[in-house]
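Residue numbers (numbering that gives the first Met the number 0), protein chains in the order written: chain U, 0 to 211; chain P, 0 to 177.
The next block holds one structure in the form of structure tokens; read it before the comments.
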Amino acid sequence: MRTEDLIKALDADASSKAMPLRSAWWLAAGAAIVIAAVVFMLTIGPRPDFMVAAHTMRFLSKFVFTIVLAISAFALIRALSTPGASTGRAMVGMLAAPLLVAVAVVLELFMVPEALWGTRMVGSNMMICMSFIPLIGIGPLAVFLWMLRYGAPTRPVLAGAVAGLLAGGLAATFYAAHCFDDSPLFVATWYTIAIAALALLGALGGRFFVRW
Amino acid sequence: MSGKDEAELSRLLRAAIAGDEKAYADFLHRIAALVRGFVRRKIVQGGVDPEDVVQETLLAIHVKRHTWRQEAPVLPWIYAIARFKLIDAFRRRGRRIEIDVDDIAETFAEPETETVSERDINRALDGLPPAQRSVVSAVSVEGRSIGETATKFGISETAVRVSLHRGLAAIARRFGRE
């Protein structure tokens, strides 16, 4: 088939419509939040003293970390799924959540006596944390990988990893409402491991599933 | 030159997305020439046929045109897709190449030259279900309109459009997988 012939076929298909990628991303984000919320409520649900805990800095700080991660990953993944879009600023934005966690860890180390550091870090929920963040995040990750297929990421492995971070940030936001371990030491350790697992899974998905 | 190209191509693609077939044909011809110039400059050693990459890029641009943000410049979008498809073509043949981002400005449009070699797209076309294959061939190689194709096969125009759209999408997917 000559290129000239191919152009005839493409032109004849000009009227086919697809939702603009940007709108589709918002739709996907909505769907992912609903999926995560349903899985969360059907499994572990929020902790009973949620309203009381909501007055403490440590509890609230967890949401700051996870929501900042989700928002920055959402900005980056939208750029990564659009060919030719600049990603520099969104890449820098990805540093925000780790930096906030780092600052919180340093503050915690100042405020908590050294003898308690170990207990705070190990907490009481690490297995639940490491299993439920991936469990809540797996549905959203599937949605985001599907969206990457709908888009056109020129760096699919990186885009897949960011899909994992986005799913992780979202899942961790819900999980944080359940978990009694509010210390930044706990968050910096176990949340990171759980979210990294989703990022790795996302990178694999990007490598083998996101072809276009 | 690039600034004028940019404005004109953006205008054409916007019109095409709004349903203007004439604008789309114009757009596709122009970017085919641009991408051809880009790809030919990049392929210095053998193994990859530039025209195969041009065709893959055109298909990708077609099936991914919803990823273009209408207020963003169109040339970086086009070249990002062309570069991706070029790297992909080398990767499939077990080679790696580095492509400089900056030298797209020096690209010149080039016309298609006749070749006798078997095209990748023909293999992808042969892999389609018979109904889609015959519709895509009728519209492309035989140059029939949607209406003529519908009459030829005794099916509705909508059915022709659906088969054409699915066939093109399947060919584009096949390119990505090979």
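All residues carry an ideal CB built from backbone N, CA and C; glycine is no exception.
Of all the options the options, which has the alpha carbon lying nearest to the alpha carbon of residue i?
| i | options | result |
| --- | --- | --- |
| U/A166 | U/A151, U/S123, U/T188 and U/V142 | U/V142 |
| U/I66 | U/A175, U/G204, U/W189 and U/F207 | U/A175 |
| U/A69 | U/D180, U/A170, U/M40 and U/L203 | U/A170 |
| U/K61 | U/A198, U/T172, U/V209 and U/A78 | U/T172 |
| P/K166 | U/T2, U/R1 and U/A8 | In the sequence as displayed, the identity of residue 166 of chain P is Gly instead of Lys. Taking only the C-alpha atoms, the option nearest P/G166 is U/A8. |
| U/T138 | U/A31, U/G168 and U/G205 | Reading the sequence as shown, one finds Gly at residue 138 of chain U and not Thr. Among U/A31, U/G168 and U/G205, the Cα nearest to that of U/G138 is on U/A31. |
| U/W189 | U/L79, U/M126, U/W25 and U/V104 | U/M126 |
| U/M146 | P/F83, P/S136 and P/H65 | P/H65 |
| U/M40 | U/H177, U/V186 and U/A114 | U/H177 |
| P/A24 | U/R21, U/F49, U/E3 and U/V63 | U/E3 |
| U/R148 | U/A84, U/R206 and U/S14 | U/R206 |
| U/T81 | P/L33, P/R92, P/W67 and P/V53 | P/W67 |
| P/I80 | U/V186, U/F179, U/L199 and U/R154 | U/R154 |
Can you give the Cα-Cα distance for residue i and residue j, rounded to whole angstroms?
| i | j | result |
| --- | --- | --- |
| P/R160 | U/A195 | 44 Å |
| P/Q131 | P/W76 | 29 Å |
| U/V33 | P/R143 | 47 Å |
| U/S130 | U/T42 | 12 Å |
| P/T157 | U/D12 | 11 Å |
| U/A96 | P/L163 | 46 Å |
| P/L74 | U/L164 | 30 Å |
| P/E109 | P/Y78 | 15 Å |
| P/L85 | U/M90 | 25 Å |
| U/I6 | P/L57 | 8 Å |
| U/A27 | U/M110 | 41 Å |
| P/M0 | P/K41 | Low confidence applies to P/M0: its pLDDT is 48, below 50, so where it sits in the model is not reliable, and the reading given next is rough at best. Cα to Cα, P/M0 sits roughly 21 Å from P/K41. |
| P/H28 | U/V209 | 29 Å |
| P/I60 | U/I135 | 35 Å |
| U/A103 | U/P183 | 6 Å |
| U/W25 | U/R46 | 29 Å |
| U/L203 | P/I16 | 34 Å |
| P/D212 | U/D10 | Outside the shown range of chain P, which is 0 to 177, sits residue 212 of chain P, and nothing can be said about it. |
| U/I132 | P/V140 | 53 Å |
| U/P152 | P/L127 | 25 Å |
| P/G2 | U/V121 | 59 Å |
| P/G46 | U/L157 | 28 Å |
| U/A162 | U/I192 | 16 Å |
Contact criterion: CB-CB distance below 7 Å. Does residue i meet it with respect to chain P?
| i | result |
| --- | --- |
| U/S22 | no |
| U/K61 | no |
| U/I6 | yes |
| U/P155 | no |
| U/T172 | no |
| U/T86 | no |
| U/A11 | yes |
| U/A202 | no |
| U/A17 | yes |
| U/P82 | yes |
| U/M125 | no |
| U/G150 | yes |
| U/M110 | no |
| U/S71 | no |
| U/M0 | yes |
Any Cβ of chain U within less than 7 Å of the Cβ of residue i?
| i | result |
| --- | --- |
| P/F83 | yes |
| P/K63 | yes |
| P/E7 | no |
| P/A123 | no |
| P/E70 | no |
| P/S155 | no |
| P/R90 | no |
| P/V34 | no |
| P/I145 | yes |
| P/M0 | With a pLDDT of only 48 at P/M0, under 50, the local geometry of the prediction cannot be trusted, and no value is derived from it. |
| P/A14 | no |
| P/A17 | no |
| P/L11 | no |
For residue i, which three-state DSSP category applies?
| i | result |
| --- | --- |
| U/N124 | coil |
| P/Q54 | helix |
| P/H28 | helix |
| P/S139 | coil |
| U/A166 | helix |
| P/D48 | coil |
| P/I154 | coil |
| P/D119 | helix |
| P/K3 | helix |
| U/T118 | helix |
| U/L203 | helix |
| U/V111 | coil |
| U/P237 | Residue 237 of chain U is absent from the model: chain U starts at 0 and stops at 211. |
| P/E111 | coil |
| U/K61 | helix |
| U/M56 | helix |
| U/F179 | coil |
| P/W67 | coil |
| P/V43 | coil |
Under the criterion of a Cβ to heavy atom distance below 6 Å, does residue i qualify as lining the ligand SAM?
| i | result |
| --- | --- |
| U/I43 | Inclusion of the ligand SAM in the displayed structure is not the case, the ligand content being empty and no account of it being possible. |
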